[in-house]
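Those letters in the sequence shown? Residues 4 to 422, by the working numbering. Working notes, structure below.
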Amino acid sequence: MRILFVHQNFPGQYKHIAAALARESRNQVVALAHHEQPAPDGVRVVRYGLTRQPSTAHALARDFERKVVYGEAAARAAIQLRSDGFAPDVICGHPGWGETLFLKDVWPNARLLSFQEFYYRVDSDFNFEPDDPVTDPSALWKLRARNVAFLSAIESSDWNVTPTRWQWSQLPGFARAHTSIIHDGIDTDAASPNTQATITLGRAGVCRPGDEIVSFISRNLERYRGYHIFMRALPEILKRRPNARAVIVGGDGVSYGAAPRGERSWKDIFLAEVRDQLDMSRVHFVGRVPHATYLNLLQVSAAHVYLTYPFVLSWSMLEAMASECLVIGSRTAPVTEAIEHGANGLLADFFAPGAIADAVIDVLAEPQKYRPLREAARRTVLERYDLVSICLPRHLALIGEVAEGRTPASPEPDAEKLD
4 MRILFVHQNF PGQYKHIAAA LARESRNQVV ALAHHEQPAP DGVRVVRYGL
54 TRQPSTAHAL ARDFERKVVY GEAAARAAIQ LRSDGFAPDV ICGHPGWGET
104 LFLKDVWPNA RLLSFQEFYY RVDSDFNFEP DDPVTDPSAL WKLRARNVAF
154 LSAIESSDWN VTPTRWQWSQ LPGFARAHTS IIHDGIDTDA ASPNTQATIT
204 LGRAGVCRPG DEIVSFISRN LERYRGYHIF MRALPEILKR RPNARAVIVG
254 GDGVSYGAAP RGERSWKDIF LAEVRDQLDM SRVHFVGRVP HATYLNLLQV
304 SAAHVYLTYP FVLSWSMLEA MASECLVIGS RTAPVTEAIE HGANGLLADF
354 FAPGAIADAV IDVLAEPQKY RPLREAARRT VLERYDLVSI CLPRHLALIG
404 EVAEGRTPAS PEPDAEKLD
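If you want it as C-alpha cells, here you go:
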C-alpha cells in the first residue's frame, strides 16, 4: 500500500500510525510537511516551502487565503512527487492549515481520509466566557468564514476521522455519516503509575507520590485551557492545605484564542490578579518541560486540574488518568466523555473556582477515599483510549478500508444522540 501523510507539523497525530505502516515492508510511506520535526523511521518526508505569503486581504478572507497559500505549496510539492512516480492509494491528511485543498486534483484516483479536528460552531468555544463577551458582530462572520476550507475538505474527502464523539457532533450533519470516531490513542505503558517517580522543585527539593502536589498542564497558560480559573482557585487550595504545592507547566504564548492587549502574557495577567493571596514559595511555574519530566509529574501528582472551553481534548488529561492521577476536570465537552463524576474523577463547573478548590482540597485531605477513582480512571483509558490495543488497530483498519475503496462502518447508534 502507498500512503501519503499530510500534516504541517508531521508527524503530529500520525506519529504512531505512520511508524506502524512504515514497519511493513510492503508499504511505501511518504509525508508532506512544512516544518522540521523528527519523523518515524521508514517514512520519506518531503518538505514544501511557500511560493508566496498571504496578502492583506479582507479580514474575513485572511484565514481562507492563508490556507490557499499553504494548499498551493503542498500541491506543487505533490506534483513533483507525481512526476517522480509516486501515486498514493490513500492520503491521510489534516486539513486544518489548507494543505489538502488541492491534492485530489493532483491524484484524482487516490482516496482521501481527512482528520477532522474541529469544526467551528457558535455553541462551543465561541463566546464561552460571560465576563469576556463577543460584541463585534463580524466575529460571527469570521467564524463562518473559517469553516470554508473545512467544508471544502469534507466535500473532497472519501472519509473522515475525528477523536471524540463531541467533535463528531460538531460536524455538519451531512458529514457525520462519513466520519469515524477514533481517538489518537494513549501510550499507557509510558503513562502509567510509578510509585518510585520523583520530581525536583528547586529549593523545595525532591517530591514523591504521597506529597500534596497539584499539577496544572497546558501547552500555553491561557484562557482556553482555564488557566485563569485555576489561578483563582489556587489561593484557597494553598490556604487550607499548608503542605500543598502547585506545579504549573506551560509556556507564555497563545495557542488558541486572542492574545491579551499590551505586552503582558495571560500568565502574568492572571498571576498578578491573585499574587498577593499566594505563598509564592509553594507555586512553581516550570515552563515547558521534557516529556519524561512531564510524565513523572503526573505520576507524582496527588491531584491534576484540567479545565477547558468546549474544544479539542488534550492528551494530558487522558495521560493523567492513565497514570492514576486524580483529575478534577471542568464539566465541559469533551471532558465529560471521559470523566464520570465520582466514578473515575471529579467534575466542577468551569466558572466555579470555589468548587474546584473544594474538590482539590478534599482529594488532598482523603487520598484513600479516592483510590478507587484513580484505578477506575486508568481502566477507562485502557478500555477506551489505549494506543496499542484499541486506537492504533482501528486507525490501521480504517486506512486499509479507505485505501481499498470500501465503506467503513458508520459511528455507533448512540453517537446519534449527540446531535
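From the three backbone atoms N, C-alpha and C, an ideal C-beta is built for every residue, glycine too.
On the DSSP bridge assignment, give the partners of Gln11 in chain order. DSSP output for Gln11 lists no bridge partner at all.
I need the straight-line Cα distance from Asp128 to Arg285, nearest angstrom please. 32 Å
Could you tell me the distance, in whole angstroms, from the CA atom of Ala418 to the CA atom of Lys145? Confidence in Ala418 is poor, its pLDDT being 45 and thus under 50, which makes the residue's placement unreliable; the coordinate value appears in the next sentence. The alpha-carbon atoms of Ala418 and Lys145 are separated by roughly 29 Å.
Identify whether Ala412 lies in helix, strand or coil by the three-state DSSP scheme. coil
Buried versus exposed call for Gln31 [16 or more other C-beta atoms within 10 Å across all chains shown]: buried
My understanding is that Ala21 touches Ala36, with C-beta atoms under 8 Å, so please give their C-beta distance in whole angstroms. Incorrect: roughly 11 Å between the Cβ atoms, too far for contact.
Leaving aside the five residues before and after Gly15 along the sequence, list all residues of the same chain whose C-beta is less than 6 Å from its C-beta, in chain order. none
Quick one: complete alpha helix (DSSP H) runs, 4+ long, within the region 150-211? 151-159, 168-173, 176-179
Own chain partners of Tyr17 with C-beta closer than 7 Å, once the 5 adjacent residues on each side are dropped: Phe8, His10, Cys95
Report yes if the C-beta distance between Val217 and Ala249 is below 8 Å; otherwise report no. yes
By the 10 Å Cβ neighbour count, where 16 or more other Cβ atoms means buried, how is Pro175 classified, buried or exposed? exposed
Given Gly103 as reference, the closest of Ala80, Arg124, Gly88 once Cα atoms are compared: Checking the sequence shown, residue 103 turns out to be Thr, not Gly. Comparing Cα positions, the closest option is Ala80.
Would you please state the rounded distance, in angstroms, between the beta carbons of Ala305 and Leu349? I believe it to be under 8 Å. In fact, because the Cβ distance is near 13 Å, the residues do not count as touching under 8 Å.
Does the distance from the C-beta atom of Leu301 to that of Ser326 stay below 8 Å? yes
With a floor of 4 residues, list each alpha helix (DSSP H) that falls wholly inside the region 276-307, ordered by position along the chain. 294-303
Measure the alpha-carbon distance for Phe118 versus Asp282 and round it to whole angstroms. 44 Å
Using DSSP's beta-bridge definition, name the partner residues of Arg5. Gln31
Which residues in the same chain as Asn130 place their Cβ atom closer than 6 Å to its Cβ, once the five residues preceding and following it in sequence are excluded? Val137
Count the other CB atoms within 10 Å of the CB of Ile402; is the residue buried (16 or more) or exposed (fewer)? buried
Tyr73 versus Ser333: straight-line alpha-carbon distance, rounded: 35 Å
Which of the three DSSP states is assigned to Leu24 in this structure? helix
Kindly indicate which three-state DSSP category Ala261 falls into: helix, strand or coil? coil
Given 8 Å, three or more beta-carbon pairs between the region 168-183 and the region 260-274: no
When the distance is taken between beta carbons, is Gly101 closer than 8 Å to Glu120? no
State the Cα-Cα distance for the pair Glu404 and Asp87, rounded to the nearest angstrom. 26 Å
Are the CB atoms of Thr182 and Val209 nearer to each other than 8 Å? no
Is the distance from the Cβ of Pro166 to the Cβ of Asp187 below 8 Å? yes
Exposure label - Ala25; buried when at least 16 CB within 10 Å: buried
Delimiting residues of the beta strand (DSSP E) encompassing Leu350: 349-351
Closest to Pro411 by CA distance: which of Leu116, Gly290, Asn197 is it? Leu116
For His19 and Leu390, what's the separation of their Cα atoms in angstroms? 8 Å
Please return the same chain residues whose Cβ sits closer than 6 Å to the Cβ of Phe338, not counting the five positions on each side in sequence. The identity of residue 338 in the sequence shown is Val, whereas the question assumes Phe. Correct list, in chain order: Gly332.
According to DSSP, residues forming a beta bridge with Ser333: Ala351
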